[in-house]
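Asks: If you count by this note's numbering, then the sequence shown holds residues 573 to 990, one letter each, in order. No residue lacks a Cβ here, since even glycine has one placed at the ideal position from N, Cα and C. Note that the structure is predicted; figures quoted are calculated from it, not measured. Sharing a structure here in structure tokens format.
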Amino acid sequence: MYFKVKGTRDLFEKESLIFEKIRKVFFQKLNSYNSIFIETPIFENYNLFYRTSGEESDIVNKEMYVFKDKSNRQLALRPEGTAPAVRAIIENKLYFKNKKFHYFGPMFRYERPQKGRFRQFYQAGAEFLGEKNVYLDFEIINLAFCFLKELKVDDFTLKINYLGTKEEKKAYINALKKYFQNYKNELSEISLKRLEKNPLRILDDKTEQEKDFVKKAPKIIDFLNQESISYFNDLKLLLNKFQIPFEKDYSLVRGLDYYDEIVFEFVSTSNALGAKSTIIGGGRYNNLFSNLNGPDISAIGFAVGVDRVLEIMKTNSELNFEKKVDYFVAVVNENEYDFLLKVVNELRNLKYNVEFNKKALNLKKLFENARNLNSEFIVFIEKNQTNSELTIKNLKTFDKHIITFNELKKIKGKNENN
């Protein structure tokens, strides 16, 4: 007998239904924002992530699955979705025609498995191309907010920060380097390496964040010029106008090196995850395209931790994720199959969930089968009916009516407006 590998999981029953719901709502939302779906390979050239995530990031240092193929090429299972999406947009010159993209798929990181965190996990993401614009930045945050609300995920805090322009960020990094020099004895070994190359990673380290001297480190707000402060204020004003609550968090830097200017996280406050965890994170990246030898394009995006959202939704008693059958077509006699299979096909063409018995049984047993499947209606032929007539009975209200096959064709499809 074989077992799943540590850090992976099988999705079935309630969890698979929630997963389908998350994916369906995500695609519906992104379609309404005029975005197109993009699919990239699950493995890429290792240097793609080394170059974009940052050599001092946890992803590069600890978490990537790296291997060499039979041609001795160094490859990596994708640990996140933005870099592959940007690579695909550049390689296929998609930026000429489209400005909004979304993806949904498995990612891989070698992390300690815990609630909502797996070594193979699912990420849904959106990448919107465009120069710095407060309305575009608002649009992407509003999209993430509305997505969670539609899933009835309400227990979260939106945290935002502004990392400044390239020059402001550089001045801030220099100030952090100078500040942390005074606390070298209290930094971890990996943070000492980060100190020289990118001290922002110290602020993002979950262990270092708890230390008092890290909490008292310089804040980016003190390095922003008036133009940047005004821009950040304009975004906050828009969020307030549309009643999207948020907190300013000047320590928020995100875990990837390519972010600058606006960054944000939706942090869960639900007990379902056992601790505060980021369920959506994102921000603006103005240099990622050019860093990958592409055109000088700015963009903003986010990624959803699908597994974490799923864990939260599992605990919501208001949500019903039982698999339901709309129509159970009951075959009592073998000679009814030809006609009733046409009925099954017609109802399925109308997008209804339909089941039928593969072996003829008595009607009492078939009613029992229909109820076990939680079917709303049962369809059958009564003894006195012609071959073109059907009885449809509502198993909740017990209402019954008789229709012909031609009348069945006129039934409105599932989800059609009444």
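(1) Identify the residues that DSSP records as bridge partners of A871: which are they?
(2) Please report the residue range of the alpha helix (DSSP H) in which V924 lies.
(3) Under the three-state reduction of DSSP, which class applies to L730: helix, strand or coil?
(4) Ignore the nearest five residues each way along the sequence and tell me which others in E819's own chain have a CB closer than 8 Å to its CB.
(5) Compute the minimum distance between the beta carbon of N863 and the heavy atoms of the ligand FAD, and state whether it is under 8 Å.
(6) Nearest to K930 by CA position, among K955, N944, L922 and V901, is which residue?
(7) Distance, Cα to Cα, R689 vs E683?
(8) So what's Y622 in DSSP terms, helix, strand or just coil?
(9) Compute the Euclidean distance between the alpha carbons of V658 and Q686, then round it to the nearest angstrom.
(10) Roughly how many angstroms separate the alpha carbons of G653 and E799, rounded to a whole number?
(11) In this structure, does DSSP put R689 in helix, strand or coil?
(12) Would you grab the beta carbon distance between Y675 and E611 for me? Rounded to a whole angstrom, and I think it's under 8 Å.
(13) Assuming L701 and F893 form a contact by the criterion Cβ under 8 Å, report the distance between their Cβ atoms to the nearest whole angstrom.
(14) State the Cα-Cα distance for the pair K886 and F719, rounded to the nearest angstrom.
(15) Find the nearest neighbour of F673 within the set K778, R681 and A655, judged by alpha-carbon distance.
(16) Look up N966 in the DSSP assignment and give the residues it is bridged to.
(17) Less than 9 Å between the beta carbons of F861 and I661, yes or no?
(18) For P867, count neighbouring C-beta atoms within 10 Å of its own C-beta (all shown protein chains included) and say buried if the count is 16 or more, exposed if not.
(19) Please return the same chain residues whose Cβ sits closer than 8 Å to the Cβ of K914, not counting the five positions on each side in sequence.
(20) Tell me whether the beta-carbon of F952 lies closer than 9 Å to the beta-carbon of L962.
(21) Should K741 go down as buried or exposed, given a rule of 16 or more other Cβ atoms within 10 Å for buried?
(22) Tell me the rounded alpha-carbon separation between S842 and F599.
(23) State the CB to CB distance for the pair T624 and N812, rounded to an integer number of angstroms; the pair is presumed to be in contact (CB under 8 Å).
(24) Return the bridge partner residues of V839 from the DSSP annotation.
(25) Could you check the C-alpha separation between Q781 and L772 for me, to the nearest Å?
(26) Straight-line CA distance for K982 to K937?
(27) Identify the residues that DSSP records as bridge partners of E906: which are they?
(28) What residue range is occupied by the uninterrupted beta strand (DSSP E) comprising N617?
(29) Taking contact to mean 3 or more Cβ pairs, one atom from each stretch, closer than 8 Å, check whether the segment 867-882 and the segment 707-717 are in contact.
(30) My understanding is that N925 touches V897, with C-beta atoms under 8 Å, so please give their C-beta distance in whole angstroms.
(31) Return the first residue and the last residue of the alpha helix (DSSP H) that K813 is part of.
(32) Check V876 in the structure and name its three-state DSSP category.
(33) Could you pull out every residue in the same chain whose Cβ sits closer than 8 Å to the Cβ of E616, ignoring the five residues on either side in sequence?
(34) Which one of E906, N946, I975 and S960 has the shortest CA to CA distance from L967?
(35) Put H674 into one of helix, strand or coil per three-state DSSP.
(36) Hey, how far is the Cα of N989 from the Cα of L602?
Replies: Quick look at the numbers:
(1) DSSP lists L701 and Y857 as partners of A871.
(2) Here residue 924 turns out to be Tyr, not Val, going by the sequence shown. Note, Y924: premise wrong, no alpha helix (DSSP H); not H, not E.
(3) Here L730 sits in strand by DSSP.
(4) The residues are T729, L730, K731 and I732.
(5) Annotation note on the ligand FAD: not contained in the displayed structure, which lists no ligands.
(6) Answer by Cα proximity: V901.
(7) Just so you know, the alpha carbons of R689 and E683 end up roughly 8 Å apart.
(8) In the structure shown, Y622 sits in a helix (DSSP, three-state: H, G or I).
(9) For V658 and Q686, the gap between their C-alpha atoms comes out near 30 Å.
(10) CA-to-CA, the gap between G653 and E799 works out to about 31 Å.
(11) R689 falls in the strand class under three-state DSSP.
(12) With 8 Å as the limit, Y675 and E611 qualify as a contact, their Cβ atoms being about 7 Å apart.
(13) Between L701 and F893, the beta carbon gap of about 36 Å keeps them out of contact (Cβ cut-off 8 Å).
(14) CA-CA distance, K886 to F719, rounds to 17 Å.
(15) It is A655 whose Cα lies nearest to the Cα of F673.
(16) Paired residues: F949.
(17) Taking 9 Å as the Cβ cut-off, F861 and I661 qualify as a contacting pair.
(18) Answer is exposed; the Cβ neighbour count stays below 16.
(19) If you ignore the 5 residues before and after K914, its C-beta comes within less than 8 Å of the C-beta of F977, all in its own chain and listed in chain order.
(20) The answer is yes: Cβ separation under 9 Å.
(21) So K741 counts as buried.
(22) Using only the alpha carbons, I get a separation of about 24 Å.
(23) Contact doesn't hold; Cβ gap of about 33 Å is too wide.
(24) In the DSSP output, where bridge partners are listed per residue, V839 has T729 and T850.
(25) For Q781 and L772, the distance between alpha carbons rounds to 11 Å.
(26) If you take the alpha carbons of K982 and K937, they lie about 29 Å apart.
(27) DSSP, once it has assigned bridges, lists no residue as partnering E906.
(28) According to the DSSP assignment, N617 belongs to the beta strand (DSSP E) that extends over F615 to N617.
(29) Contact holds: three or more Cβ-Cβ distances are below 8 Å.
(30) With 8 Å as the limit, N925 and V897 qualify as a contact, their Cβ atoms being about 5 Å apart.
(31) Note, K813: alpha helix (DSSP H), Q798 to K813.
(32) The answer is strand: DSSP assigns V876 an E or B state.
(33) Counting only Cβ-Cβ distances below 8 Å, and skipping sequence neighbours, we find L647, A648, R650, A655, P656 and R659.
(34) Ranking the options by Cα distance to L967, first place goes to N946.
(35) Here H674 sits in strand by DSSP.
(36) Note on N989: pLDDT 48, under 50, position unreliable in the model; the coordinate value appears next. When rounded, the distance between both Cα atoms is 22 Å.
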